[in-house]
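Have a look at the structure below before the remarks.
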Amino acid sequence: MKTHSLRFALRPKPQAPSPQPLFDSAYYRRFYLTPNTRAMSREETDTRGALIGSLVRQLDIRVDRILDVGCGLGWYARPLKKLFPTAHYTGTEFSEYLCNKKGWIHGSVVNLKLKGQFDLVICADVLQYLNNRDAERAIGNLAKWCRGVLYFHVPTKRDWQENVDPSGTDSNVQLRSALWYQRQLRKHFVHAGCGVHVRDNVPFAQWQLEEPWR
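Residue numbers (the numbering used here): 23 to 236.
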């Protein structure tokens, strides 16, 4: 029996032909702005962002530059800027509609060219639209851009079976095991808990029972 279910605004594959622009205003209105069809509310994003930022502060890692890859409406900016008020926030998006509307940098995590590195990188619900080769390349790019901490989230095969609410979710995605992602992330990061990964060359300390374990 499922104890709870989660919705994710899983997008159709960018390569799929469509008479409408991909990720247009109707898409964001349905999955983010309409209460009975949205996958995640702004309040829920505020809570998650506060958790991410608080853990980064607990690890005593300085944050001057924030990168949000596949940032959508940019909802992570508000909670993170509350905790890091002097940090500069940069958003990137595949949606041309949102880039024109919000001023985000347009491009894909697979081949995007960015200048410099960032102290905190957010990549949430993006890599499930990529095949294995591109997903591996994307994680390599996230590591290249990150000089501090990465928050990484993506639904896995088990999530799809146990956690995802299919009534509010597009099923046209690439599902992989948690182990697949863990193997790729371990090449560059140390998991600190709650999806927060510290770059493997960045020193940090945790109490033993605060470390991830299961």
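For every residue, glycine included, the Cβ atom is placed at its ideal position computed from N, Cα and C.
query: For ILE127, which residues of its own chain have a beta-carbon under 6 Å away from its beta-carbon, when the five flanking residues on both sides are left out?; result: THR114
query: Give the straight-line distance between the Cα atoms of THR67 and HIS175, rounded to the nearest whole angstrom.; result: 13 Å
query: Name the DSSP bridge partner or partners of GLY96?; result: In DSSP, GLY96 forms no bridge with anything.
query: Measure the beta-carbon distance from LEU142 to VAL220 and round it to whole angstroms, keeping in mind my assumption that it falls under 8 Å.; result: Not confirmed; about 11 Å, so no contact.
query: How many Å lie between ALA99 and ALA109 at the Cα?; result: 10 Å
query: Compare the C-alpha of ASP82 against each of HIS210, PHE106, SER117 and TRP167 and name the closest.; result: PHE106
query: I need the boundaries of the beta strand (DSSP E) containing TYR111, first residue and last residue.; result: 110-115
query: Are the beta-carbon atoms belonging to TRP182 and LEU164 less than 8 Å from one another?; result: no
query: For a test of the three-state rule: what should DSSP assign to LEU207, helix, strand or coil?; result: helix
query: Can you tell me the Cα-Cα spacing of VAL131 and ASN58, whole angstroms?; result: 30 Å
query: Taking buried to mean at least 16 other C-beta atoms within 10 Å of its own C-beta, is PRO43 buried or exposed?; result: Confidence is the limiting factor: at PRO43 the pLDDT is only 45, short of 50, which leaves the residue's position unreliable and the question unanswerable from this model.
query: Taking the alpha helix (DSSP H) that CYS168 belongs to, which residues open and close that run?; result: Element bounds for CYS168: not the alpha helix (DSSP H) but the beta strand (DSSP E), 168-175.
query: Out of GLN139, CYS121, ASP187 and ALA200, which one is the CA nearest neighbour of GLY170?; result: GLN139
query: Helix, strand or coil, according to DSSP, for ASP181 in the structure here?; result: helix
query: Which partner residues does PHE140 have in the DSSP bridge list?; result: CYS168
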